[in-house]
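Here the structure is laid out as structure tokens; the discussion comes afterwards.
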Amino acid sequence: MQIGSVTDWLQTTIFGASALAAYWGLSAWKQEAVGRRKAELAEDILARFYEARDIFPVLRSPFSSPGEGATRQKNDDETEDLARHLDLLYVPFERYNYHREFFAQLQSKRYRFRAYFGEQADEPFVKLNKALNEFLVAARMRIVTYPPNEAVADFERKREYDAKVWQHEENDALQTLVVQAVEELEKICKPLLSDSSKN
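If you use the numbering used here, the sequence shown closes out at 734, no skipped numbers anywhere.
What follows is the structure in structure tokens.
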């Protein structure tokens with residue numbers, strides 16, 4: 536074997552080994568970067584769900600402050616008494632409007648979260664949205680059906696709407712739905728977050 540061919544063989548081997556090491560290094564870096572982004576997204580979404588869980592009782596508090604509901608657009612023909620009642624009915628919308636941007640930002644991350652964590656990761660979003668939508672629909676129906684008729688069915692319906700708008704018990708149906716959404720999200724995110732904190 537000639538020295539030139541040994542040198543060529545050695546150069547080729549070293550080049551191949553260097554290329555392989557660079558490929559492995561790049562793959563490891565890419566995997567680490569994806570893992571870091573995934574952990575950051577999980578932390579962000581979980582923190583936002585905790586915040587949503589805390590906002591929900593504020594939206595649904597049966598107590599109102601003076602002036603709440605005053606942002607409602609009034610009709611010219613409203614009496615003072617009717618305006619006061621409609622303002623009170625508008626309180627849930629006013630509270631929601633204050634937090635609307637928060638919920639929109641949370642919703643905007645939903646599909647990215649699903650892309651990283653799979654279809655099952657969408658279920659907490661579905662539950663949170665269901666609770667929020669039931670709250671908003673019930674609040675809207677309270678305004679649309681005001682003043683209630685004397686019929687028993689109207690009072691029963693009003694009671695159903697009130698139960699969705701106002702939180703009277705610690706764990707009513709809508710709050711339970713929100714808590715379930717947070718618990719499901721914790722099962723998805725916490726293992727990843729505890730793994731990333733070890734690194």
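From the three backbone atoms N, C-alpha and C, an ideal C-beta is built for every residue, glycine too.
Quick one: grab the DSSP three-state call for residue 574. Numbered from 1 along the sequence shown, position 39 holds the residue referred to as residue 574. Helix at residue 574.
Looking only at its own chain, which residues have a Cβ that is under 6 Å from the Cβ of residue 609, when we skip the five neighbours before and after it? Looking up residue 609 in the sequence shown gives position 74. Excluding sequence neighbours, residue 609 sits near 618.
Own chain, CB closer than 6 Å to residue 623, minus 5 neighbours either side, in chain order: Mapped onto the sequence shown, residue 623 falls at position 88. Around residue 623: 604.
Taking the alpha-carbon of residue 576 as reference, which of 641, 602, 712 and 668 has the nearest alpha-carbon? In the sequence shown, counting from the first residue as 1, residue 576 sits at position 41. Per the Cα distances, 641.
Give the straight-line distance between the Cα atoms of residue 594 and residue 659, rounded to the nearest whole angstrom. In the sequence shown, the residue the question calls residue 594 occupies position 59. In the sequence shown, the residue the question calls residue 659 occupies position 124. Their Cα atoms are separated by approximately 19 Å.
Hey, residue 702 and residue 662: beta-carbon distance below 7 Å or not? Walking along the sequence shown from the start, residue 702 turns up at place 167. Walking along the sequence shown from the start, residue 662 turns up at place 127. Going by C-beta atoms, residue 702 is not nearer than 7 Å to residue 662.
Can you tell me where the alpha helix (DSSP H) holding residue 631 begins and where it ends? For this step, residue 631 is matched to residue 96 along the sequence shown. Per DSSP, residue 631 belongs to the alpha helix (DSSP H) from 615 to 643.
So is residue 648 buried or exposed if we call it buried at 16+ other beta carbons inside 10 Å? Taking the first residue of the sequence shown as position 1, residue 648 is located at position 113. With 16 or more other Cβ atoms within 10 Å, it is buried.
With a cut-off of 8 Å, do at least 3 Cβ pairs link the stretch 691 to 699 to the stretch 665 to 678? The stretch 691 to 699 vs the stretch 665 to 678: in contact.
Less than 7 Å between the C-beta atoms of residue 634 and residue 590, yes or no? Translated into the one-based positions of the sequence shown, residue 634 becomes position 99. Translated into the one-based positions of the sequence shown, residue 590 becomes position 55. Yes, Cβ-Cβ distance for residue 634 and residue 590 is below 7 Å.
Please state whether the Cβ-Cβ distance between residue 626 and residue 666 is less than 7 Å. Counting from one through the sequence shown, the residue named residue 626 turns up at place 91. Counting from one through the sequence shown, the residue named residue 666 turns up at place 131. No, Cβ-Cβ distance for residue 626 and residue 666 is not below 7 Å.
Given residue 607, which residues of its chain have a CB within under 6 Å of its CB, disregarding the five upstream and five downstream residues? Taking the sequence shown and counting its residues from 1, one reaches residue 607 at position 72. Around residue 607: 622 and 625.
Please find out if some non-hydrogen atom of the ligand GTP comes closer than 6 Å to the beta-carbon of residue 680. In terms of ligand content, the structure shown is empty, and the ligand GTP therefore cannot be addressed.
Opening and closing residue of the alpha helix (DSSP H) in which residue 665 lies: Position 130 of the sequence shown, counting from 1, holds the residue named residue 665. Run containing residue 665: 658 to 679, per the alpha helix (DSSP H) assignment.
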